[in-house]
Amino acid sequence: MATPKNIAILGASGYTGAELVRLIATHPMMNIVAMSAERKAGQEMAEVFPHLRHLDLPTLAKIDQIDFSDVDLCFCALPHATSQKVIASLPKALKIVDLSADFRLRDPEEYAKWYGGQHDALECQAEAVYGLTEFYRSQIKAARLVAGTGCNAATGQYALRPLIAAELIDLDDIIIDLKTGVSGAGRALKEPFLHAELSEGAFPYAIGGTHRHLAEFDQEFSAIAGRPVKVQFTPTLLPANRGIIANVYVKGDAEAIFKAFQKAYADEPFIEILPYGQAPSTRHVRGSNYCHIGVTADRLSGRAMIVVALDNLTKGSSGQALQNANLMLGLPEDMGLLSAPVFP
1 MATPKNIAIL GASGYTGAEL VRLIATHPMM NIVAMSAERK AGQEMAEVFP
51 HLRHLDLPTL AKIDQIDFSD VDLCFCALPH ATSQKVIASL PKALKIVDLS
101 ADFRLRDPEE YAKWYGGQHD ALECQAEAVY GLTEFYRSQI KAARLVAGTG
151 CNAATGQYAL RPLIAAELID LDDIIIDLKT GVSGAGRALK EPFLHAELSE
201 GAFPYAIGGT HRHLAEFDQE FSAIAGRPVK VQFTPTLLPA NRGIIANVYV
251 KGDAEAIFKA FQKAYADEPF IEILPYGQAP STRHVRGSNY CHIGVTADRL
301 SGRAMIVVAL DNLTKGSSGQ ALQNANLMLG LPEDMGLLSA PVFP
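Structure follows, in structure tokens:
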């Protein structure tokens with residue numbers, strides 16, 4: 001019987017860190033040997049996340065206290081800007097899946113533009129592979145460093161990449177109207193996300209084309225099309241813990257779009273194409289690594305709507321990270337990720 005791989009999780013006290021622990025807990029070929037949390041160093045995971053108290057986990061430590069000599073792969077779930085500095089200091093042979101935005105953008109000038117500071121780990125950035133598994137699978141298998149996508153960015157790309165590649169839509173008329181649960185903002189205390197502030201309401205944010213995930217859309221869609229592609233994108237915060245649902249409006253033939261999705265995702269274990277004319281719900285992907293896509297024609301001739309639903313913490317982040325880690329370690333891609341969504 002093969003020996004399980006030793007795993008470290010940096011930033012284990014955040015939502016994505018906890019989600020990684022939840023997923024890896026039932027993974028037959030991964031063993032968590034180290035976890036970091038700077039402010040909560042010295043605490044047990046059961047104190048930070050009581051829902052994980054049944055697991056036998058290492059005590060949270062500071063990063064400089066971790067011995068990486070026997071670690072096969074490290075998940076880095078640290079904040080933007082912090083992640084790049086930490087990763088640059090890790091052993092050069094260590095396989096890493098980064099969940100921050102620090103290595104998603106190939107152009108350092110674009111990173112500085114969208115994230116407000118110069119990149120401090122350009123050598124690492126040069127070797128990073130973009131982590132949208134279904135489209136970068138072969139590169140991820142051979143990678144040492146994989147940059148997980150933004151959760152909103154992943155959702156929009158599942159809707160649009162096959163259509164841009166097949167030249168089925170008008171590239172100058174694309175609207176992504178996306179709604180997301182509050183866990184995407186992280187665990188830090190922020191006034192707009194208090195229950196009394198958020199409950200029973202919803203509001204758009206980063207309006208007017210200022211959301212940082214637009215940088216990923218620009219980079220990826222333009223590369224596919226071979227010319228600049230810029231989409232309209234507005235996220236709306238929902239009074240829900242988990243989930244993303246995006247209504248994507250395009251000019252194109254709805255039935256041709258539906259067939260293109262069927263062809264593009266026919267062999268993908270985590271992408272489900274709904275029957276033509278049906279729309280997905282965040283309720284039906286909750287806590288899972290599945291992504292549901294629906295296509296319908298609009299009453300206006302030549303227009304179509306694509307609806308994509310996924311769990312921002314799983315398929316949009318930690319589940320995607322584990323999917324990539326499986327490939328990097330030579331394990332079955334779907335290992336540890338086939339649990340059904342939680343319903344109701």
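If you read the sequence shown in UniProt numbering, its first letter stands for residue 1, the second for the next number, and so on. Heads up, the beta-carbon is just placed ideally off N, CA and C, and yes, glycines get one too. Model, not experiment: these values are computed from the prediction.
If I'm right that residue i touches residue j with Cβ under 8 Å, what's the distance once you round it to whole angstroms?
i: Met35; j: Ala12; result: 4 Å
i: Gly319; j: Leu337; result: 6 Å
i: Pro341; j: Tyr290; result: 6 Å
i: Arg157; j: Ala121; result: Here residue 157 is Gln; the residue named in the question, Arg, does not match the sequence. Contact doesn't hold; Cβ gap of about 24 Å is too wide.
i: Val97; j: Ile174; result: Not confirmed; about 29 Å, so no contact.
i: Tyr15; j: Ser183; result: 5 Å
Quick one: Cα of residue i to Cα of residue j, how far?
i: Ala126; j: Arg144; result: 11 Å
i: Pro192; j: Leu198; result: 6 Å
i: Tyr265; j: Arg227; result: 25 Å
i: Pro275; j: Gly294; result: 7 Å
i: Ala61; j: Arg39; result: 9 Å
i: Ala37; j: Ala254; result: 47 Å
i: Thr3; j: Met30; result: 9 Å
i: Val48; j: Val248; result: 38 Å
i: Asp218; j: Leu160; result: 12 Å
Going by the CB atoms, is the gap between residue j and residue i shorter than 7 Å?
i: Phe75; j: Ile9; result: yes
i: Ser222; j: Val229; result: yes
i: Ala153; j: Cys124; result: no
i: Ala225; j: Ile164; result: yes
i: Pro269; j: Asp334; result: yes
i: Gly243; j: Gly150; result: no
i: Leu94; j: Gly148; result: no
i: Phe203; j: Leu178; result: no
i: Ala304; j: Ile245; result: no
i: Ala77; j: Leu55; result: no
Would you call residue i buried or exposed, if buried means 16 or more other Cβ atoms sit within 10 Å of its Cβ?
i: Gly186; result: exposed
i: Pro162; result: buried
i: residue 348; result: Because the chain is modelled from 1 through 344, residue 348 falls outside the range shown and cannot be assessed.
i: Lys190; result: exposed
i: Glu134; result: buried
i: Ile176; result: buried
i: Ser69; result: exposed
i: Lys5; result: buried
i: Gly201; result: exposed
Can you find at least 3 beta carbon pairs, one from the region 276-285 and one from the region 213-224, that sit closer than 8 Å? no
I'd like to know if the region 322-330 and the region 14-34 are in contact, where contact means that at least 3 CB-CB pairs between them fall below 8 Å. yes
Between the region 133-142 and the region 201-208, can you find at least three pairs of beta-carbon atoms closer than 8 Å? As far as the Cβ criterion goes, the region 201-208 does not touch the region 133-142, which means the pair count is below three.
At least three beta-carbon pairs within less than 8 Å, the region 290-302 to the region 326-333: no
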